[in-house]
Structure formats: C-alpha cells, structure tokens
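Numbering (our numbering), first residue to last: 910 to 1248.
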Amino acid sequence: MIKRFENYPLKNHHTFGLNVYAKFYYEYSTTNDLLEILGDPLLTNHACLLLGGGSNLLFLEDFKGLVLHSAILGIEVVEADEKTVVVKVGAGVDWDALVEWSVTNGFGGLENLSWIPGDVGAAPVQNIGAYGVEFKDVFVKAEGVYMHNGQSFSIEKDACAFGYRDSIFKNELKNKVIITRVYIRLDKDPEFLLDYGHVRKAVEKLGAPSLKNVRQAIVDIRSEKLPDPKVFGNAGSFFKNPVVDASVLAAIRARYPDVPFYEMADNQMVKIPAGWLIEKAGWKGQSLGQAAVHQHQALVLINMGQASGREILVLAEKIEADIKHKFNIVLHREVNVVG
Ligand SMILES: Cc1cc2nc3c(=O)[nH]c(=O)nc-3n(C[C@H](O)[C@H](O)[C@H](O)COP(=O)(O)OP(=O)(O)OC[C@H]3O[C@@H](n4cnc5c(N)ncnc54)[C@H](O)[C@@H]3O)c2cc1C
C-alpha cells in the first residue's frame, strides 16, 4: 500500500521536534510500491529524501521535495546452523523492536544496541554503534533498489566500507540507493560484552548476565544519560568523536593531563571524546536562543521547545569554530543536515 500526503507536517517524524513540512510525503509498504513511486513523474523535478525515524536528521527548513518513508516490515529467520541464525528484516521495522525480538527469542548480538531510536533501514547508513558493538558486527547484507532506475541490488558486508559511524551508504551510495531489507547474523549461544563503560556494574545490579539483563542495563544507562527526544528534541550525539594524530593529543595533554582518549587499534591515531572537548571549552549547558547544549551530556544539542533548525545549526557552527580554535581539532557532524 502507498500512502500519499501533500504539505505534510514532519514534526512527529523526526526527533528534533521542529515545525517543518514536506511538500510531498509518501509511505510504501512493499518493494513493488516503492518501484511504482520511483516511476512517478514528480521525481524528475523534485528532490527526494529517505526518512526512517528521523533520529539522525536536522531540518533547516520545509522540505520542498518528496519524502519517502519505508513501512516495509517483517522479521524472519531465513537460515540457521548449530551456532547462529540469519534474520531478514524489513527496512521499516523499528530498530528497538528488532532488539527486543532478538532478546525475547534468545538470539545474541544486538542487546548492547538497545534503545537506539530509528528504523532498521538506516542502521547500516551510519553503522550505528554503542557500548562496544557496531551494526557491522552482525551485518550480512542489505538489499534494495537504485533510485534512478529501480533496479535491485544486494551488497555484502565487505563491500560496505563500514567505519566509525560511516559506510558506503553515507558516501558513494548516498542518495543513490534505497535499502529495503537487511540481513543480520545472530548467536544462539551469545557471549556478553560487558567491559564498556558501566555496563558490567549495571548488569550486576540486575543479576546474572543474560540477554534480558544486558538489554535492561543498557536501557537504564541510556535513560539516565540521554535526554528523551519527547521532552527535549535532539538527535543523540551531534558530533562524531574526533580521531586525531598523536601529536594533537600531546598538545592537549600538556594543558590537560586528564584528557581521556582511546588508542585506535591499527595506527598512530587516537580518538578523543567530542563531549569532553565541548565541555572543556565551556559549552555544556550553554544556549543560543532556543537551541542548547544539554546540561548533562555536552555531545547532545537540544531544542528547548521553539528552536528552528537554523538556530541549532548556528550553535553547532559556533562550537565547531571554538573547538578548532582551542584544540586545533575539526569536529565532524554525526547528524545529517537537510536543507
Ligand atoms: C536519543 C538518541 C540517541 C541516539 N543514540 C545513538 C547511538 O547510541 N548510536 C548511534 O549510532 N546512533 C544513535 N542515535 C542516532 C540515530 O538513532 C541513528 O543514526 C539511527 O540509525 C537513525 O535511524 P533513523 O531511521 O531515524 O534514520 P533517519 O534519521 O531517518 O535517516 C538517517 C540517514 O539514513 C538515510 N536513510 C534512512 N532510511 C534509509 C533507507 N531505507 N535506505 C537508505 N538510506 C536511508 C537518511 O536519508 C539519512 O541520511 C541516537 C539518536 C537519538 C535521538
């Protein structure tokens, strides 16, 4: 089924809670519906935006083109061996509903990625990650169609150029393909990854490690740490943690011996938490009009209620310039700016 709307409000379709509209908004529930839409003459002279849960987007203004939203559902085990199952998932499935399904069915691999907003189709786009796990760790392949001619494609893990919050879908294939289904491999006999942040402690509070307890521990940690988009619109981490040369770290360490960092496994680079840099630069809790840096989590920019997308962007730009000036580090955005 295709649902078609014109001058459609997007406020409830993204997590910054901005008062923006789409000129056209189409929702499709099968690949055939999607192919029908791709044949619509509207697409020859209108821009197109793929929208999942809108939890990684910042709209600067109304979207004057066509917003396409997948409602392709379904979670199905399509292969199994002694130790693992391969699961086919529709792009329109809510990410956390998939995590809940995996935990309920006793399949491990997704539990550390609990409570990340958004839809399954967007998970490979920025290779979502949390608490020591990235989507690439379970990813087998994605299927979808090319936007310009509707031809189908299938792409396996090795071809996806997965990196830290990065993939081929954010680069070479950006605005070229629509992911319709994702295949993931989960463990029947999961090993728990508890040595990240306070995960082990939070699990111990709940009892023995189990899929259910790990998921609950992650939900508890996240709900304490991150602002609820229903209260203050936000898109989670606004910036990526910068990966810099060891000499940049040394310069910062001379001034701040306590700077936290993580050594990258394969080279001389280190990752510094962007939230630490932003906090040290004095931005935590600061606001600009109705846009603000969250008072408990400096990596998250929030809409205090009536912010415009541009206000949030201006705040982000000021932070970027200040971090460059104070630490000689260029911050890169995790959030996709639209407009
Ligand atoms: C409170 C909060 C916490 C968060 N925590 C985390 C976290 O811990 N880790 C993390 O990695 N992220 C986190 N995020 C960011 C966000 O949840 C993820 O990036 C998520 O995968 C976005 O999914 P979405 O469906 O909302 O994508 P959208 O925001 O709708 O879209 C994101 C990008 O994917 C593209 N896209 C969407 N669907 C498709 C498709 N079917 N085919 C091709 N391209 C598509 C869009 O065009 C856009 O470029 C958080 C966000 C919030 C609000």
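Just so you know, even glycine gets a beta-carbon here, dropped at the ideal spot from N, CA and C.
With respect to 7 Å, is the separation between the Cβ of residue i and the closest non-hydrogen atom of ligand 1 below this value?
{"i": "Val1086", "result": "yes"}
{"i": "Ile1025", "result": "yes"}
{"i": "Pro1138", "result": "yes"}
{"i": "Asp1028", "result": "yes"}
{"i": "Ser1132", "result": "no"}
{"i": "Val1034", "result": "yes"}
{"i": "Arg1074", "result": "yes"}
{"i": "Ser1063", "result": "no"}
{"i": "Ile964", "result": "One detail in the question is off: residue 964 reads as Ser in this sequence, not Ile. Yes; taking the cut-off as 7 Å, the Cβ of Ser964 has a heavy atom of ligand 1 nearer than that."}
{"i": "Leu958", "result": "yes"}
{"i": "Thr940", "result": "no"}
{"i": "Leu1135", "result": "yes"}
{"i": "Ile1037", "result": "yes"}
{"i": "Ala1070", "result": "no"}
{"i": "Phe1078", "result": "yes"}
Can you tell me whether residue i is helix, strand or coil according to DSSP?
{"i": "Ile1232", "result": "helix"}
{"i": "Ser1217", "result": "coil"}
{"i": "Asn965", "result": "coil"}
{"i": "Thr940", "result": "helix"}
{"i": "Thr993", "result": "strand"}
{"i": "Lys932", "result": "strand"}
{"i": "Asp1096", "result": "strand"}
{"i": "Leu982", "result": "coil"}
{"i": "Thr924", "result": "coil"}
{"i": "Phe972", "result": "strand"}
{"i": "Ser1132", "result": "helix"}
{"i": "Asn1122", "result": "helix"}
{"i": "Asn1021", "result": "helix"}
{"i": "Leu960", "result": "strand"}
{"i": "Glu988", "result": "strand"}
{"i": "Ile1211", "result": "strand"}
{"i": "Val1223", "result": "helix"}
{"i": "Ala1252", "result": "The structure shown has nothing for residue 1252, since the chain only spans 910 to 1248."}
{"i": "Asp1005", "result": "helix"}
{"i": "Ile911", "result": "strand"}
{"i": "Pro858", "result": "No information on residue 858 is available, as it lies outside the stretch 910 to 1248 that the chain covers here."}
Just mark residue i as buried or exposed, buried being the case when its beta carbon has 16 or more other beta carbons within 10 Å.
{"i": "Gly983", "result": "exposed"}
{"i": "Asp1028", "result": "buried"}
{"i": "His1203", "result": "buried"}
{"i": "Thr953", "result": "exposed"}
{"i": "His978", "result": "buried"}
{"i": "Thr940", "result": "buried"}
{"i": "Arg1162", "result": "exposed"}
{"i": "Thr1013", "result": "exposed"}
{"i": "Glu1020", "result": "buried"}
{"i": "Gln1060", "result": "exposed"}
{"i": "Ser1132", "result": "exposed"}
{"i": "Tyr937", "result": "buried"}
{"i": "Val1246", "result": "exposed"}
{"i": "Pro1169", "result": "exposed"}
{"i": "Ser1156", "result": "exposed"}
{"i": "Ala1126", "result": "buried"}
{"i": "Pro950", "result": "exposed"}
{"i": "Ser1076", "result": "buried"}
Looking at residue i: is its Cβ nearer than 8 Å to the Cβ of residue j?
{"i": "Ile1025", "j": "Asp1005", "result": "yes"}
{"i": "Lys1079", "j": "Val1034", "result": "yes"}
{"i": "Tyr934", "j": "Val976", "result": "yes"}
{"i": "Ala1144", "j": "Leu967", "result": "yes"}
{"i": "Val1042", "j": "Tyr1092", "result": "no"}
{"i": "Gly963", "j": "His923", "result": "yes"}
{"i": "Val1153", "j": "Ile1187", "result": "no"}
{"i": "Val1123", "j": "Phe1101", "result": "yes"}
{"i": "Leu1095", "j": "Gly1017", "result": "yes"}
{"i": "Tyr1165", "j": "Lys1149", "result": "no"}
{"i": "Lys1134", "j": "Gln1206", "result": "yes"}
{"i": "Asn1212", "j": "Gly926", "result": "yes"}
{"i": "Ala1200", "j": "Ala1216", "result": "yes"}
{"i": "Glu1220", "j": "Phe1147", "result": "no"}
{"i": "Val1239", "j": "Leu1197", "result": "no"}
{"i": "Gly948", "j": "Gly1030", "result": "no"}
Any beta-carbon of chain C closer than 8 Å to the one on residue i?
{"i": "Leu1019", "result": "The chain inventory of the structure shown lacks chain C, comprising one protein chain alone."}
So does residue i have its beta carbon nearer than 7 Å to some heavy atom of ligand 2?
{"i": "Ser1011", "result": "The model on display carries ligand 1 but not ligand 2."}
Start-end ranges of the beta strand (DSSP E) lying completely within the stretch 1154-1185, minimum 3 residues
1178-1180
Starting from the N-terminal side, write out each stretch of the alpha helix (DSSP H) that is 4 residues or longer and does not extend beyond the stretch 1040-1116.
1108-1115
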